[in-house]
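Here is the structure we will look at.
Residue numbers (my numbering): 245 to 1134.
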């Protein structure tokens, strides 16, 4: 039961901005979670931290330790990335469109509405309210859209919807005088980006770049303080800058000598003679256009060392320009949809692009013109899941007509099949691990080769049908698919692709289909309130029928084939004995699956009967418990023998989804209905994530939700890995992976006063290896078990293996599987596995149900090592040939 959230698949990016830390780690928001992708190791991990709604903006500290996230409800979280915990929280009053850490990491600038607030970074402080507001800049007349610090953390550039950019000096001068900003005027549209430019030799600020939404970039040059010679008496007769208002009381009229003060008002001590950039004269050097009209500029970034600007547009085009001469290095198209984020990595060799509407995330190396990362999630809801027999791969099918195959350990999608022309509704991995079957509403069942990544066989029917369920027998010779429209089950031969039989008898859509793991009996469930058993190979039709009082939504076999579970529309789970044909027991789950209240519901969640049923079921690897999910925010885990709920997983706390809250806020109700369901036609959608984009990604097919409402939280499919160590859930948030926590759980058996760690060490010192290993297995302490395994001489492994009682065999196999994943002594561990199979082979066969999860884990580890060795040998084939030939010659 100790499952915890591990990762999020099926969605790579859904809006907001992406940032790169340590040059190689990409941080991107996915809904209300944050995903970190290691671009060198090709691994992705999703933090277990959740925001209250979809994340709008993120910012990372310069050292890459802290992360700041702000969601659509303006709630901010301060996260420690290595520890993966939230340190502090704060809520802003207005919508946040930009935020940035200062280069020294001490301060955070937050653009909240028309204000720019500067907060002291909490870092490792342990205060109750760690966020300290240092200064508020309230000079902007419209919403602030862009921020940029200079390298010394003294100046802040602010871009706004009032068509201007402003330069602020964030320090206090003598007598606490607050400086008025310098204005950069001339743009005719919203300023989307403003950046400081630097002189390559002096490393000082000498330029400013401002980019507007209409596709123009202005380059500004610095020409000194007030346009006069230092030390001259009186004021300069030359105007400060074109279109810049006069500022009173900002110069002392002599040597421009000021005492600098920090944010606490403490003076630095010594008087210094320096020029303040916001008081100097700035000139418009050049005005350049990107020439992408009518497309709008939607994302931009600037790299200081390379002096390069990257821009993204609403038509999917991105450009890379060398400044200050505005030389176009690259101008390419990613897609036809709006680019919502564009960013450099630290050294500037990689460009990151995100497209929220497509759920696409790209990392491109502009020098070699090659992709470092190219990931895209499903466009709509994920309908079905399938684990490979070795638990290393996970296949997903969705309403976007695509089948994607993911590597579970890395979280990366390595192949996408898009031959289907309608929604994919069912998936099944063949026993050989290299073939994947998919059923679709387009009337085809396709077989995919995972070696050559191609569709090598297509199963069709004489007349078009819509398939919603899929199954294959253990040998892989027969493929069966259930239909939505004709209520039949079609049977094909895998070898020839010919239609063998059509099983008729159901009077409703066949939504559940599964072969018995031990026999050739096929079980099918239908909305006609029955579960039928078919003998496919003998062709006798339905062998037996199990009647229900309500529509049957799904059916699954227990891994040993001696029990059948079915879910009905009234929220009950029925357990049947398929051999005797009797009902064993029933679980009432309506109260357990009951979720939150939808915005369109007229009744409260407690009084509503809609959706209170399980649409997907899945047995554990040993058959002792069952997972159940449906149109709810909960996944329920039940003990099969005692018919009690063991645990309930809440799949999300994201308030951007419908059905998460149990009680709705009456303040959000209007005469026209819930305020969140009313379209705001005048809202700006050029930055961040807009509700329409979320709706498209959403998983809401056209017309499924009124007024482009929020997507409804639900679980469409559940699958437990054959190893039993993890399970996957296809939800509105994406594919959530839960795995058994790796932390130590003290679960000893057969303990008495003599079974202690000291006794294990004493037995090892006395060279009683058998006794030491058995004592460590009785203690069930992982470190002691592994210590005893490595203490055994390879010559003594057969004798020690034969002395292990059967009841401790599972723990020993689990320890060996764990060692294969981590330790370098592969041959030694494989020798242990071989001897255990020789000595306990009969016991393993007779009790395969209990040992199945441990054996699957062992198989997964051996398969991974085999693949790694095969890849290493194939890549070094010529070197091995050379070494072999040189050895022969010598």
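Every residue gets a Cβ at the ideal spot worked out from N, C-alpha and C, and that includes glycine.
Span of the alpha helix (DSSP H) around residue 1008: 1001-1009
The stretch 747-756 / the stretch 709-724 touching (three or more Cβ pairs under 8 Å): yes
For residue 1138, the nearest candidate out of 1123, 401 and 315 (CA to CA): Shown here, the chain extends from 245 to 1134; a query on residue 1138 therefore has no answer.
Buried versus exposed call for residue 640 [16 or more other C-beta atoms within 10 Å across all chains shown]: buried
Within 8 Å, strictly: CB atoms of residue 677 and residue 729: no
Beta carbon of residue 687 nearer than 8 Å to that of residue 702: no
Rounded Cβ spacing between residue 646 and residue 661 (contact assumed at less than 8 Å): 7 Å
Option nearest residue 673 by Cα separation, candidates 860, 708 and 631: 631
Pairwise C-alpha distance: residue 601 and residue 456: 22 Å
Reference residue 302, options 273, 295 and 288, closest by Cα: 273
Distance CB(residue 353)-CB(residue 400) smaller than 8 Å: yes
Burial state of residue 706, where buried means 16 or more other Cβ atoms lie within 10 Å: exposed
Close beta carbons around residue 1211, own chain, < 6 Å, minus the five adjacent residues each side: Coverage of the chain is limited to positions 245 through 1134, which leaves residue 1211 absent and any answer about it impossible.
CB of residue 299 within 8 Å of CB of residue 357, strictly: no
Nearest-angstrom Cα separation, counted from residue 394 out to residue 497: With a pLDDT of 38 at residue 497, under the threshold of 50, the predicted position of this residue should be treated as unreliable, and no value is reported.
Buried or exposed by the 16-neighbour rule on C-beta atoms within 10 Å, applied to residue 762: exposed
Cβ-Cβ distance between residue 1140 and residue 857 below 8 Å: Since the first residue of the chain shown is 245 and the last is 1134, residue 1140 is not available in this structure.
Rounded separation between residue 669 and residue 338 - CA only: 42 Å
Helix, strand or coil at residue 498 [DSSP, three-state]: With a pLDDT of 37 at residue 498, under the threshold of 50, the modelled position of that residue is not reliable, and the figure given next carries that caveat. Residue state, collapsed to three classes: coil.
Residue 968 - DSSP class collapsed to helix/strand/coil: coil
Bridge partners - residue 738, DSSP secondary structure assignment: Answer is none; residue 738 lacks a bridge partner.
Own chain partners of residue 535 with C-beta closer than 8 Å, once the 5 adjacent residues on each side are dropped: 459
Distance between residue 733 and residue 709 (C-alpha atoms, nearest Å): 11 Å
Minimum length 3: unbroken beta strand (DSSP E) runs contained in the stretch 547-635: 552-557, 561-566, 571-577, 585-588, 594-599, 604-609, 614-620 and 626-631
Buried versus exposed call for residue 1116 [16 or more other C-beta atoms within 10 Å across all chains shown]: exposed
Neighbour-count burial assignment, residue 1037, 16 or more Cβ in a 10 Å radius: exposed
Residue 805 versus 838, 323, 764 and 736, residue with shortest Cα-Cα distance: 764
Whole runs of the beta strand (DSSP E) within the stretch 685-773, excluding any shorter than 3 residues: 689-693, 698-703, 711-716, 722-727, 733-737, 743-747, 754-759 and 765-770
Beta-carbon gap between residue 440 and residue 528 smaller than 8 Å: no
Residues that DSSP places opposite residue 310 in a beta bridge: 324
Cβ shell of residue 760 (< 6 Å), same chain only, five flanking positions each side left out: 801 and 805
DSSP three-state assignment for residue 888, whether helix, strand or coil: strand
Beta-carbon proximity of residue 541 to residue 557, cut-off 8 Å: yes
Close beta carbons around residue 351, own chain, < 8 Å, minus the five adjacent residues each side: 345, 362, 363, 364, 365, 378, 397, 414 and 507
Inter-stretch contact (C-beta, 8 Å, three-pair minimum) for the stretch 380-389 and the stretch 317-331: no
Outcome for residue 443 when other beta-carbon atoms lying within 10 angstroms are tallied against a minimum of 16: exposed
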